[in-house]
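Engineer:
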Amino acid sequence: MSTKQTLGFFTHALKSFTSSQDAFRVLCTVPRSASSPSNSPTASLSPRHPSHPVTTLIILDSSFNPPTKAHAQMASSAITHAGPNARLMLLLAVNNADKAAVPASFAQRLAMMEGFARDLHDSAGQNTEIDVAVTTMPFFHEKARVVAESGVYGSAEQVFLCGFDTLIRIFNAKYYGGGMKEALGPFFGRARVRVVMRPDDEWGGRDEQVKYVEGLEGMLGDVGGEEWARRVEMVDGVEGVVSSSMVRALVRRDGDVDALVGGEVRAWIEGEGLYRE
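Read left to right, the sequence shown gives residues 1 to 277 (the UniProt record's numbering).
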C-alpha cells in the first residue's frame with residue numbers, strides 16, 4: 001500500500017473504532033514472514049485471528065512516539081524467551097492517561113507501529129505474527145481485562161513489556177480509585193510484567209532497580225499483593241540510552257536517526273515531516 005493508502009486505512013479504522021462501543025480492537029496483523037506475499041508493501045491491511053492456540057500474548061504498550069530500536073530489542077527478547085506459540089501485540093491507547101496525541105497523530109503513530117512490525121521481522125527475523133491494536137483503556141489492568149474479554153487469544157497468558165518508570169506507575173496507588181487490590185489482583189491473575197531495566201539519574205542504577213523489585217513483597221503486604229512481585233521479571237536493556245524523546249530531539253536538529261529507529265519507521269518520520277517542531 002502507498003503511504004496515502006496506509007494513512008487512509010488507519011484513519012478510517014480509528015474512526016470506526018472510536019465511534020463504536022468497543023474498548024479493544026485489532027486493526028491489522030503483520031504476518032510471520034516479511035518475505036510473504038501477504039506482507040508485501042502492496043498488500044492490504046487486515047486483522048488475522050490466530051490460526052492455532054496462543055500460549056503467550058506479549059503486549060508492547062505503544063505509547064512510545066516514535067518506536068525505536070530499543071523497543072524492537074525489548075519485543076524480540078520477549079518473543080525469544082516465550083518460545084513457540086507466542087504472539088506479539090502492539091497496543092495503542094487512544095485515551096492515554098498521561099500522554100496526548102502529539103507530536104504525531106494517532107493515524108501516523110499506527111502507521112509507524114505497522115512499519116515497526118515490519119522492521120522487527122526484517123531485523124530480528126522473528127517468526128511470529130504481530131497485531132496492531134487499539135484500546136480506550138489507559139491502564140495496564142484495564143487493558144489486560146478487555147483483551148481477555150475479547151476472546152481473540154483464548155486463555156493465553158499475557159506478558160506486558162515496560163520500562164522501570166512504568167513499573168513504578170503500576171504500583172502507584174493514585175491510579176486506583178477503587179483500590180489496588182481490586183485492580184491488580186485480577187491483572188496479575190492473567191498477566192505478568194517483563195521490565196526492561198533503564199538505569200539513569202532519575203530512576204537509579206541497575207542495583208537500585210533490582211532492589212526495588214525485590215522489596216515489592218514487603219511493600220505490598222498491606223494490600224495483600226505479596227504474590228504480585230513474583231509476576232514481575234527484570235531483564236537488562238540494550239547498552240546506551242535510546243528513547244523516543246532522543247529521536248524527536250535529533251530530528252529537530254536534522255540529525256541522523258538511522259542508529260535509533262528502523263528503516264520503515266524512519267521513512268514515516270521523513271515522509272510525514274514528523275517531529276520537526
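Yeah, the Cβ is synthetic: ideal placement off N, Cα and C, and Gly gets one too.
#1: Can you give the Cα-Cα distance for E226 and L220, rounded to whole angstroms?
#2: Beta-carbon within less than 6 Å of R169's beta-carbon, same chain only, minus the 5 sequence neighbours each way: which residues are those?
#3: Below 8 Å on the Cβ atoms is my contact criterion, and I expect F140 with F64 to pass it. Report the Cβ-Cβ distance as a whole number of Å.
#4: Suppose you measure from the CA of V223 to the CA of K181; what does that come to, to the nearest Å?
#5: If you check the beta carbons only, do V30 and L92 fall under 9 Å apart?
#6: What separation, rounded to the nearest whole angstrom, lies between the Cα atoms of S35 and G215?
#7: Around the Cβ of V61, are there at least 16 other Cβ atoms within 10 angstroms (buried) or fewer (exposed)?
#8: Who are the near neighbours of T18 in its chain, counting only those whose CB is closer than 7 Å to its CB and skipping five residues on each side?
#9: What beta strand (DSSP E) runs, 3 residues minimum, are completely inside the UniProt domain "Cytidyltransferase-like" (61 to 119)?
#10: Tell me the start and end of each unbroken beta strand (DSSP E) in the segment 143 to 211 that is at least 3 residues and wholly inside, in chain order.
#11: Counting pairs of Cβ atoms below 8 Å between the segment 105 to 113 and the segment 259 to 269, do you hit three or more?
Structural biologist: Judging by the given coordinates:
#1: Here residue 226 refers to the residue found at position 226 of the sequence shown. Here residue 220 refers to the residue found at position 220 of the sequence shown. E226 and L220: Cα-Cα distance of roughly 6 Å.
#2: Working through the sequence shown from its first residue, we reach residue 169 at position 169. If we look at R169 and ignore the five residues flanking it on each side, it has no Cβ neighbours.
#3: As a first step, residue 140 must be located in the sequence shown, where it is residue number 140. As a first step, residue 64 must be located in the sequence shown, where it is residue number 64. Actually they do not touch by this definition, with Cβ atoms about 15 Å apart.
#4: Locating residue 223 in the sequence shown gives position 223, where the first residue counts as 1. Locating residue 181 in the sequence shown gives position 181, where the first residue counts as 1. Their Cα atoms are separated by approximately 6 Å.
#5: As a working mapping, residue 30 is identified with position 30 in the sequence shown. As a working mapping, residue 92 is identified with position 92 in the sequence shown. The answer is no: Cβ separation not under 9 Å.
#6: Position 35 of the sequence shown holds residue 35. Position 215 of the sequence shown holds residue 215. Only weak support exists for where S35 lies, its pLDDT of 45 falling under 50; the value from the coordinates is given anyway. Computed Cα separation, rounded: 46 Å.
#7: Numbered from its first residue, the sequence shown carries residue 61 at position 61. The residue you asked about is not Val; residue 61 is Asp in the sequence shown. D61 comes out buried.
#8: For this step, residue 18 is matched to residue 18 along the sequence shown. Once the five neighbours on either side are set aside, the close Cβ partners of T18 are V94.
#9: 86 to 93
#10: 157 to 163, 191 to 196
#11: yes
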